[in-house]
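A.B. asks: Protein sequences, first through last, are from chains A, B and C. Residue 37 is where the first sequence starts when you use the numbering used here, and the numbers rise one by one after that. Residue 37 is where the second sequence starts when you use the numbering used here, and the numbers rise one by one after that. Residue 37 is where the third sequence starts when you use the numbering used here, and the numbers rise one by one after that. Backbone N, C-alpha and C define an ideal beta-carbon position, used for all residues, glycine too. Structure below; questions to follow.
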Amino acid sequence: MSELVLGDIVTALGGELIGSPELTIAHISPLPEATPDSITFLSSARMRSQLAACEAACVITSPALREDAVARGAAIITPDPYLYFARLTQWWAARMRPSVAPGIHPTAVIDASAIIGSGVFVGPGVVIEPGAFIGDGASIGAQCYIGRDARIGSQTRLAPRVSVMFDCSLGERCIVHSGVVIGADGFGFAPTAGQWEKIEQLGAVRIGDDVEIGANTCIDRGALGDTVLENGVKLDNLIQIGHNVRIGAHTAMAGNVGVAGSAIIGSRCQIGGAANILGHLTLADDVHVSVATVVTRSILKPGLYSGSFPCDDNASWEKNAATLRQLHTLRERIRALEKQSKS
Amino acid sequence: MSELVLGDIVTALGGELIGSPELTIAHISPLPEATPDSITFLSSARMRSQLAACEAACVITSPALREDAVARGAAIITPDPYLYFARLTQWWAARMRPSVAPGIHPTAVIDASAIIGSGVFVGPGVVIEPGAFIGDGASIGAQCYIGRDARIGSQTRLAPRVSVMFDCSLGERCIVHSGVVIGADGFGFAPTAGQWEKIEQLGAVRIGDDVEIGANTCIDRGALGDTVLENGVKLDNLIQIGHNVRIGAHTAMAGNVGVAGSAIIGSRCQIGGAANILGHLTLADDVHVSVATVVTRSILKPGLYSGSFPCDDNASWEKNAATLRQLHTLRERIRALEKQSKS
Amino acid sequence: MSELVLGDIVTALGGELIGSPELTIAHISPLPEATPDSITFLSSARMRSQLAACEAACVITSPALREDAVARGAAIITPDPYLYFARLTQWWAARMRPSVAPGIHPTAVIDASAIIGSGVFVGPGVVIEPGAFIGDGASIGAQCYIGRDARIGSQTRLAPRVSVMFDCSLGERCIVHSGVVIGADGFGFAPTAGQWEKIEQLGAVRIGDDVEIGANTCIDRGALGDTVLENGVKLDNLIQIGHNVRIGAHTAMAGNVGVAGSAIIGSRCQIGGAANILGHLTLADDVHVSVATVVTRSILKPGLYSGSFPCDDNASWEKNAATLRQLHTLRERIRALEKQSKS
């Protein structure tokens, strides 16, 4: 990687620069690993004590920590250092990473009825079916599959090996990682004489703008209506979204989460890794769910909800788990003791 | 989508039509969202109260609800409305969705020794290795990989981007969704001096007829014998089936389930989402397992089994979880109190 | 499959052969399923009783079981029969399975600046981007994607449909199964006014030698530094490894495990299926975690740790789970009883 100078950063992203704009930066580093050619950030006053020993060329920090920062060298002062850091990574990636030139690879198989916008990249081995639409400036990574009548919004980027099935749509500026499957059939069957009759999934998936979807995550198509992800939803890897689910704007879910069919999840929710949300229930806006929690009922009040078994050394766990299987009986015994003590 | 008339539906699927066979239908809708050009269904008497206000052109319902249904408009009377609805979705999809014409795409790479049946579709970018067999009327979606000597039964449909590895087989009329991996190596290693020596997985995967496998689900090949899914098994997305597992006929599993190696699961079982079944154990026929339950021992009696930590507001959970770590001690204290009260 | 004789096995793998080296073997079988043309193994004295009835042509066993083994027929005596069995499967697979001849398939799309070693196999539909490096004897399965500047070590084998993204590297002799995604973006966002600002993930993934990665597993690239898997790590299917995670040498993880960002996991750990390890914590070397356990704090002492809710029949579970939500109150009631009994 080549080097950048502090002045360029502040010109692009703002903030008050204390120190020389000519100072060169070769890395963005976390505070504890910063070297004399790094820029780093300090967002929490709790980490103030680490500042003095930090060797970074420049520290991005808040007005409250200005004096400490300046005491040790160059600084960029900004109200939200973590947000500034996020934007710096974007600016950095745009300048330092090789960019992909628009163009259609000759090995892509694109139906003549598909509409491809201007400035689009279509990688090798991509398949685009009849009636599909690819918006301006979109990037379709190698070996992706874009089904019939599917729509990819402008500036949306699909990594290699993504499937977008028949009739599903993504908005603008989405990022979809490798292995994602959008629009496989929801899991619907009618029981009949000990067997299962398939319910064809006639809906689709509708995804808003600025949505990011992690690797190998699956979003099933709706049974009759659509599965919907509103604007700004962020999904991590290996998440399962069942049919007819609706996820409100700017809700984020960590890896391995499962959301069963027809759950309605509010806006700005945060769902911890490996949590499971049952079907046909509702989560209000701003509900946070802890890691590995199983949500079996609607949650109508914002707040943090939890429910995982505490980890312990195995011998202790075994004793407690065995007792847990008799917990109801223990309550009865406490009741009996209470009655006795009152008599 | 174009429109269909009620008479066509009843001609194809049976049932008693009350009302005009000329009535046109543009949508299949859930009861609460039905519009005057919809057909809907009502399978449970509990929802009877919603019937009067329903605007659907036609309601599929049971003899028990005939009078209520007729009071509001056209109806199809059938003993099992939910099953009728399932069959209606199939009939609808077959008529309303674009169908795929048989044919081998010129970009598919098919070994000369592979056998391709009649009426087969092979999509762009598909790879079919030596000795593979594709049955009549099967459909191999774009970018699939069919390994050496693998067998795909007639009428089976693979979505794009499915891997069927060396020597594995699928029966007839199966549906496999995008990203599925059938026949990766099972997880087997012998420990040796703090390291692991690979146990080559010499078995394969054998899948019966009418099996459906959800997106990005993985079914590992057996270590010495085979991993087996019997007829009519239905697996949702992101499920892990370990080596040497056997799943009985018509068993259904929801998303994110894990089944460890050599587990033997009966017929007509239902496994809730994110449940985990340990290895080398047996589940009888007709065992139902709730969401997120960890099955650590064999279950030899049909019934419903559960075991997830109840979800609560975080403060309550923290207090209860902390106490849970001392549960065994609480039992000792109750015992002590009981002794004392008897003395 | 053709047949092999016992003498060939002992010549290749060592051990003391008791019986005729001309005895032919057609299968490797587990002890209970062994037939007269099988070789099997017995590693535990607990299974000694099964030996007499075993029909296998030859039993691999330890010196301690020599007499029992010899009493029934041919045997190979070796200090670690399970390890011998593992090596036998490798030898068997190398001789009995069709091998892949080196060569570059004409449909592969390989940038002219990529470096391809000698004796490499590159399958149909593979895409290899500029600057990538493929070591001698590596095998890149059909439809894989090798990103810009990625490095695949010599003798490493990628199954079909694997993604190795920009700048990521794998060591030598690794095995990567179908659907794996190495180097998708880690899940990093800065909150801003109820929305999320993407933190570009500027690190990569560095994988050591002799690592095996199961189907559809995802290993995210680091945010600033790298995500690291040391030598000999073994990951099962559908595992999620977050950004900046470090996994020590020879650690093994079963299916569906999730490891959140920046967790540091020691060497020779064993993580049970569906366990979850939170971010920014440390596991010492030789920590074992049971199935479905949620690790929320660092574990600094080797040992076995557990924490899953015990499975029960649903009625019992419901009663115990309901009581669990009042567990803290129960403790208060016990305290009150204790006070009373002392007064």
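(1) Are the segment 339-347 of chain A and the segment 315-334 of chain C touching by the rule of at least three beta carbon pairs closer than 8 Å?
(2) Quick check: is the beta carbon of Leu49/C nearer than 7 Å to any beta carbon in chain A?
(3) Can you list, in chain order, the residues of its chain whose CB lies under 6 Å from that of Val198/B, leaving out five sequence neighbours each side?
(4) Quick check: the Cα distance between Asp147/A and Val156/C, rounded to an integer number of angstroms?
(5) Hey, is Cys254/C's beta-carbon within less than 7 Å of any beta-carbon in chain B?
(6) Let me know if Leu336/B comes out buried or exposed under the rule of 16 or more other beta-carbons within 10 Å of its beta-carbon.
(7) Taking a cut of 9 Å between CB atoms, which residues from the segment 335-351 of chain C lie near chain B?
(8) Is it right to say Gln376/B is buried, meaning 16 or more other beta carbons lie within 10 angstroms of its own, or is it exposed?
(9) Measuring only between beta-carbons, confirm whether Gly55/C sits less than 7 Å from chain A.
(10) Starting from the beta carbon of Gly309/C, find every residue of chain B whose beta carbon is closer than 7 Å, and list them in chain order.
(11) Along the chain, where does the alpha helix (DSSP H) containing Pro117/B start, and where does it finish?
(12) Should the segment 237-245 of chain A be regarded as contacting the segment 213-233 of chain B, the criterion being three or more beta carbon pairs within less than 8 Å?
(13) Leaving out five residues on either side along the sequence, give the residues of the same chain with a beta carbon under 6 Å from the beta carbon of His316/A.
(14) Of all the options Gly171/B, Val136/B and Asp322/B, which has the alpha carbon lying nearest to the alpha carbon of Ile151/B?
(15) If you reduce the DSSP assignment to three classes, tell me which class Pro68/A lands in.
(16) Return the residue from the list Leu119/A, Ala92/A and Ala372/A that minimises the CA-CA distance to Arg108/A.
(17) Would you verify that the beta carbon of Thr125/B is, or is not, closer than 7 Å to some beta carbon of chain A?
(18) Unbroken beta strand (DSSP E) runs of length 3 or more, entirely within the segment 143-218 of chain C: which are they?
(19) Grab me the residues of Leu206/C's own chain with a C-beta within less than 6 Å of its C-beta, minus the 5 sequence neighbours each way, in chain order.
(20) Can you name the residues of chain A whose CB is closer than 7 Å to the CB of Trp232/C?
(21) Of the residues Ile277/C, Arg84/C and Gly284/C, which one's Cα is nearest the Cα of Ser404/C?
(22) Hey, which unbroken runs of the beta strand (DSSP E) at 3 residues or more fall wholly within the segment 278-332 of chain B?
(23) Where Val293/A and Arg131/C are concerned, what is the direct C-alpha to C-alpha distance, given to the nearest angstrom?
(24) So, are the CB atoms of Thr332/B and Leu314/B less than 7 Å apart?
(25) Considering only C-alpha positions, which residue in the set Val264/B, Leu265/B and Cys94/B is nearest to Phe121/B?
(26) Near Ala296/A, which residues of its chain fall below 7 Å by C-beta distance, leaving aside the five closest residues on each side in sequence?
(27) So what does Gly40/A bridge to, in DSSP terms?
(28) Below 8 Å on the Cβ atoms is my guess for Asn356/A versus Arg369/B; work out the distance and round it to an integer in Å.
(29) If we define contact as Cβ-Cβ less than 7 Å, is Leu265/C a contact residue for chain A?
(30) Does Glu58/A pass the burial test, meaning 16 or more other C-beta atoms within 10 Å, or should it be called exposed?
(31) Residues in the same chain with beta-carbon distance under 6 Å from Arg102/B, minus the five sequence neighbours each way, listed in chain order, please.
(32) Using a Cβ-Cβ distance cut-off of 7 Å, determine whether Gln306/B contacts chain C.
(33) Leaving out five residues on either side along the sequence, give the residues of the same chain with a beta carbon under 8 Å from the beta carbon of Pro196/C.
(34) Which residues in the same chain as Met289/C place their Cβ atom closer than 7 Å to its Cβ, once the five residues preceding and following it in sequence are excluded?
(35) Taking only beta-carbon positions, decide if Asn356/B is within less than 7 Å of chain A.
(36) Determine the direct distance from the alpha carbon of Arg184/C to that of Gly50/A, and round the result to whole angstroms.
C.D. replies: The answer reads as follows:
(1) Judged by pairs of C-beta atoms under 8 Å, the segment 339-347 of chain A touches the segment 315-334 of chain C, as three or more such pairs exist.
(2) Leu49/C does not count as touching chain A.
(3) Apart from sequence neighbours up to five positions away, the residues of its chain that approach Val198/B with a beta-carbon distance below 6 Å are Cys180, Val212 and Val216, ordered along the chain.
(4) Just so you know, the alpha carbons of Asp147/A and Val156/C end up roughly 34 Å apart.
(5) Using beta-carbon distances, Cys254/C does not count as an interface residue toward chain B, since no partner is under 7 Å.
(6) Leu336/B should be labelled exposed.
(7) Those residues of the segment 335-351 of chain C that come within reach of chain B (Cβ to Cβ, closer than 9 Å) are Ser344, Phe345, Pro346, Cys347, Asp348, Asp349, Asn350 and Ala351.
(8) Exposed.
(9) Taking Cβ atoms only, chain A never reaches closer than 7 Å to Gly55/C, which makes this a no.
(10) Within 7 Å Cβ-Cβ: Gly294, Ala296 and Asn312.
(11) Segment Pro117 to Met132, the alpha helix (DSSP H) holding Pro117/B.
(12) Under the 8 Å Cβ criterion, the segment 237-245 of chain A does not count as touching the segment 213-233 of chain B, having fewer than three qualifying pairs.
(13) Ser298.
(14) In terms of Cα proximity to Ile151/B, the closest of Gly171/B, Val136/B and Asp322/B is Gly171/B.
(15) Three-state result, Pro68/A: helix.
(16) Checking every option, the nearest Cα to that of Arg108/A belongs to Ala92/A.
(17) Closer than 7 Å to some Cβ of chain A, the Cβ of Thr125/B qualifies, so yes.
(18) Counting only runs of 3 or more, we get nothing.
(19) Taking C-beta separations shorter than 6 Å and ignoring five residues to either side along the sequence, the partners of Leu206/C in its chain run Ile188, Gly189, Thr192 and Ile243, following chain order.
(20) Trp232/C reaches chain A at Gly268, Lys270, His286 and Ala288, counting residues in chain order whose Cβ is nearer than 7 Å.
(21) In this structure chain C extends from 37 to 379, so residue 404/C is not present and cannot be described.
(22) List check, beta strand (DSSP E) in window: 323-325.
(23) One C-alpha to the other measures close to 43 Å.
(24) Against a cut-off of 7 Å, the Cβ pair of Leu314/B and Thr332/B comes out as a contact.
(25) Nearest C-alpha to Phe121/B: Cys94/B.
(26) Cβ neighbours of Ala296/A beyond the five flanking positions: Gly278, Ile313, Leu314 and Gly315.
(27) According to the sequence shown, residue 40/A is Leu rather than Gly. According to DSSP, Leu40/A bridges with Ile61/A.
(28) Asn356/A to Arg369/B, Cβ: 14 Å. No contact.
(29) With 7 Å as the cut-off, Leu265/C does not count as an interface residue toward chain A.
(30) In this structure Glu58/A is exposed. Its beta-carbon is surrounded by fewer than 16 other beta-carbon atoms within 10 angstroms.
(31) The beta carbon of Arg102/B is closer than 6 Å to those of Ile113 in its chain, skipping five residues each way along the sequence.
(32) With 7 Å as the cut-off, Gln306/B does not count as an interface residue toward chain C.
(33) So the qualifying residues of the chain are Gly159, Gly177, Ala178, Gln179, Cys180 and Ser214.
(34) Same-chain partners within the cutoff: Leu271, Asp272, Ile275 and Ile307.
(35) No, its Cβ sits nowhere closer than 7 Å to a Cβ of chain A.
(36) The alpha-carbon atoms of Gly50/A and Arg184/C are separated by roughly 32 Å.
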